[in-house]
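For reference, the structure is listed below as structure tokens.
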Amino acid sequence: MQFIDLAEQYRLLKDEIDSNIGKVLNHGKFIMGPEVTELEQKLAEFAGVKHAVTCSNGTDALLMPLMAWGIGKGDAVFTTPFTFIATSEVISLLGATPVFVDIDINTYNIDPERLNAAIQKTIDEGKLTSRAVIPVDLFGLPADYDEIGAIADKYGIKVLEDAAQGFGAVYKGRRAGSFGNAAGTSFFPAKPLGCYGDGGAILTNDDELAAELKSIRLHGQGADKYENVRIGLNARLDTLQAAILLAKLKDFSHEIILRNTVAAKYTAGLGKRVVTPYVPSGLMSAWAQFSVLAKDAEERESLQARLKKAGIPTGVYYPKPLHLQTAYASLGYKEGDFPNAEYVSRRIFSLPMHPYLKDETIELIIKVICSDSSENKIA
Ligand SMILES: *Cc1c(COP(=O)(O)O)cnc(C)c1O
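Per our numbering, the very first residue in the sequence shown carries number 511; after that it's consecutive.
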């Protein structure tokens with residue numbers, strides 16, 4: 511059994527994917543070919559924004575807007591400690607300081623009330639300038655953008671949505687990738703919309719920002735290739751990956767519905783045995799992961815072992831919150847600083863999730879997890 515099965519998707523979309531790849535091999539425009547522009551139009555349309563700027567990966571998709579905003583030394587960028595390291599890494603790469611804010615215990619996303627308090631504290635301390643917040647759509651569930659947006663407006667800071675896991679999700683009638691001043695997403699193969707290598711995109715309604723991002727992506731290019739108006743990156747998306755994504759994007763909203771069907775079956779079958787994901791009303795997750803909470807670390811270990819024995823792969827996202835990582839030792843955080851992130855990281859584990867998970871597989875997974883239900887059932 512696969513944790514994320516990409517083979518079935520390829521089998522279903524093979525004709526279109528192969529034909530799109532063939533077209534690129536024939537025209538030979540491997541860098542910034544016509545598929546890149548076409549994909550950018552379709553991504554923007556899908557997310558309901560004016561601009562999509564594709565790029566090399568999801569990490570660069572977060573780095574580039576921060577570069578465009580001139581964020582650097584002395585600046586504070588707020589984010590969650592319960593995410594993949596890329597979210598905070600981009601802040602540190604620019605010399606700015608990540609200021610972690612604990613998560614909401616139900617959604618596992620950044621807690622707006624605690625965000626407000628953290629910004630106020632940073633202002634009161636007077637050492638760092640508050641510049642931006644990076645909320646993460648963890649496991650595919652959008653963060654609370656109404657609340658976060660109001661707080662960001664109050665303090666005059668930017669919002670950069672980390673939609674690496676959330677692309678395809680919906681928040682109150684709007685697609686993920688359309689929130690804040692810009693959003694970065696990833697097309698890493700295992701993400702809800704994945705290519706066959708590395709890829710990413712930035713989505714925004716800001717014309718000026720989109721133009722700057724296109725320059726940053728090409729070594730800070732000005733009017734032509736050999737005029738450089740800023741320090742940039744080599745951060746283009748390969749034409750081949752764009753061609754693959756064009757084929758996959760056609761089926762993507764259907765795949766999101768299939769993922770939601772899988773999630774509903776898991777939730778119905780597992781809800782009495784483990785803590786299943788909470789989706790606030792008006793939101794739809796893209797289900798990058800289906801993650802559940804065990805009672806404690808010990809129970810997690812035994813459930814994972816039992817699943818493994820039955821041939822069912824699981825994963826832990828994330829076993830150690832970022833504030834406790836060695837890479838961030840210099841920030842001076844300690845155990846106990848973010849109790850919710852620490853609580854969840856000790857108990858969480860993820861089950862196989864992809865649009866083509868079969869009913870009998872879902873039923874088997876539920877059966878294995880609930881096989882001790884008579885002793886452990888939560889009333
Ligand atoms: C995957 C991921 C990224 C980085 O994307 P890459 O394409 O791997 O660089 C950033 N943030 C989150 C939350 C992710 O899951």
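The beta carbon of each residue, even a glycine, is placed where N, CA and C say it ideally should be. None of these values were measured; they are calculated from a predicted model.
Asked: Host alpha helix (DSSP H) of Phe-762 (start-end); Found: 762-780
Asked: Three-state class that DSSP yields for His-537 in the structure shown; Found: helix
Asked: Limits of the unbroken alpha helix (DSSP H) element including Asp-570; Found: 568-578
Asked: DSSP state of Thr-564 mapped onto helix, strand, coil; Found: strand
Asked: Per DSSP, cross-strand counterpart(s) of Pro-608; Found: Val-587
Asked: For Asp-647, the nearest candidate out of Ile-541, Arg-685, Leu-523 and Asp-585 (CA to CA); Found: Arg-685
Asked: Beta-carbon gap between Cys-880 and Arg-727 smaller than 8 Å; Found: no
Asked: Euclidean distance between Cα positions of Tyr-736 and Pro-575; Found: 23 Å
Asked: Coarse secondary structure for Gln-835, derived from DSSP in three states; Found: coil
Asked: Range covered by the alpha helix (DSSP H) that runs through Gly-659; Found: 655-665
Asked: Residues bridged to Lys-668 [DSSP beta-bridge criterion]; Found: Ala-642
Asked: Nearest to Glu-599 (by Cα), restricted to the options Asp-708, Trp-797, Asp-869 and Leu-832; Found: Leu-832
Asked: Leu-572 beta carbon near ligand 1 (any heavy atom closer than 7 Å); Found: yes
Asked: Any non-hydrogen atom of ligand 1 closer than 7 Å to Gly-825 Cβ; Found: no
Asked: Asp-869 versus Ala-807: straight-line alpha-carbon distance, rounded; Found: 29 Å
Asked: Residues that DSSP places opposite Arg-684 in a beta bridge; Found: Tyr-681
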